[in-house]
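Please read the structure below before turning to the comments.
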Amino acid sequence: MLFACVLLLALVAVLVILLIRFWNRETNYRNQLQRYSGIADLDAAIETAKSQLEEAKQGVRATAEEDKRRREQLETQYKQALTKFEELKREVSLLEENLDVMSFGLYKPHFTFQTSEEYKDALIALRNKMKDVTTSGGAATCPVGWTVNDSKQEGAKMIRQTTKVMLRAF
7 MLFACVLLLA
17 LVAVLVILLI
27 RFWNRETNYR
37 NQLQRYSGIA
47 DLDAAIETAK
57 SQLEEAKQGV
67 RATAEEDKRR
77 REQLETQYKQ
87 ALTKFEELKR
97 EVSLLEENLD
107 VMSFGLYKPH
117 FTFQTSEEYK
127 DALIALRNKM
137 KDVTTSGGAA
147 TCPVGWTVND
157 SKQEGAKMIR
167 QTTKVMLRAF
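Residue 131 in the numbering used here is what sits at position 125 of the sequence shown, and the numbering runs on without skipping anything.
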């Protein structure tokens, strides 16, 4: 019986030693878990950061595509506006040339004649009218009587010469 007690006591001692070792390992394991829990948190943080980075990259790609589309649209609008601007600029330059000529009293003629004969007849009638007005002295007048060297006759002569020059220039 003593042998059984010693055996039982040895068995209990072995169990106590195993229990202490298990307890120490468990405590050591818990300490290591607690010690390295930051690393586990870092892994989760890294994964979260990676997913956020991927979302940001997708956002950047989407923004770049939108910018590219908008840039192409603006370039198309710019080209259209530039073409319109050049066209209007060309038209304005033509009008400016016409304004310069118009300032001298020369206008682009507009005719409604059906045949060249009608045009010819109208020109002859206009020339006869101009001839009548010129010979009657109504084409250009000077309402002021001039005197040259105290002579009204020389003043009238100067007015006639000046009138001729003006009519020729016209």
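Glycine is no exception: its CB is placed at the ideal position from the N, C-alpha and C atoms.
Alpha-carbon to alpha-carbon, E123 and L94: Taking the sequence shown and counting its residues from 1, one reaches residue 94 at position 88. Taking the sequence shown and counting its residues from 1, one reaches residue 123 at position 117. About 39 Å.
Could you spell out where the alpha helix (DSSP H) holding D156 opens and where it closes? Within the sequence shown, residue 156 is the residue found at index 150, counting from 1. No alpha helix (DSSP H) contains D156, which DSSP labels as neither H nor E.
What is the DSSP secondary structure of Y150, counted as helix, strand or coil? Taking the first residue of the sequence shown as 1, we reach residue 150 at position 144. Checking the sequence, you will find Val at residue 150 rather than Tyr. Of the three classes helix, strand and coil, the one that applies to V150 here is coil, per DSSP.
Specify, as a first and last residue, the run of the alpha helix (DSSP H) that T121 falls within. What you label residue 121 is simply residue 115 of the sequence shown in a count that begins at 1. In the DSSP assignment, T121 falls outside any alpha helix (DSSP H) and carries neither an H nor an E.
Three-state secondary structure (DSSP) of A19: For the purposes of this step, residue 19 is taken as residue 13 along the sequence shown, with counting starting at 1. Three-state result, A19: helix.
Output the distance between the C-alpha atoms of K170 and T147, rounded to the nearest integer angstrom. As a position in the sequence shown, residue 170 is number 164, starting the count at 1. As a position in the sequence shown, residue 147 is number 141, starting the count at 1. Separation of K170 and T147 (C-alpha to C-alpha, rounded to the nearest whole angstrom) is 11 Å.
Considering only the beta carbon of each residue, do V139 and A145 sit closer than 8 Å? Taking the first residue of the sequence shown as 1, we reach residue 139 at position 133. Taking the first residue of the sequence shown as 1, we reach residue 145 at position 139. Their beta carbons are under 8 Å apart, which means V139 touches A145 by this criterion.
Using three-state DSSP, classify M7 as helix, strand or coil. For this step, residue 7 is matched to residue 1 along the sequence shown. Coil.
Please decide whether E124 counts as near chain C, where near means a Cβ-Cβ distance under 8 Å. Reference to chain C is not applicable here, since this structure consists of a single protein chain.
So, for L14: in the same chain, excluding its five sequence neighbours on each side, which residues have a beta-carbon less than 8 Å away from its beta-carbon? Counting from one through the sequence shown, the residue named residue 14 turns up at place 8. Closer than 8 Å at Cβ, skipping near neighbours: no residue.
Residues of its chain near L129, where Cβ-Cβ distance is below 8 Å and the 5 sequence neighbours each way are ignored: The residue you call residue 129 lines up with position 123 of the sequence shown. Result list for L129: empty, nothing under 8 Å.
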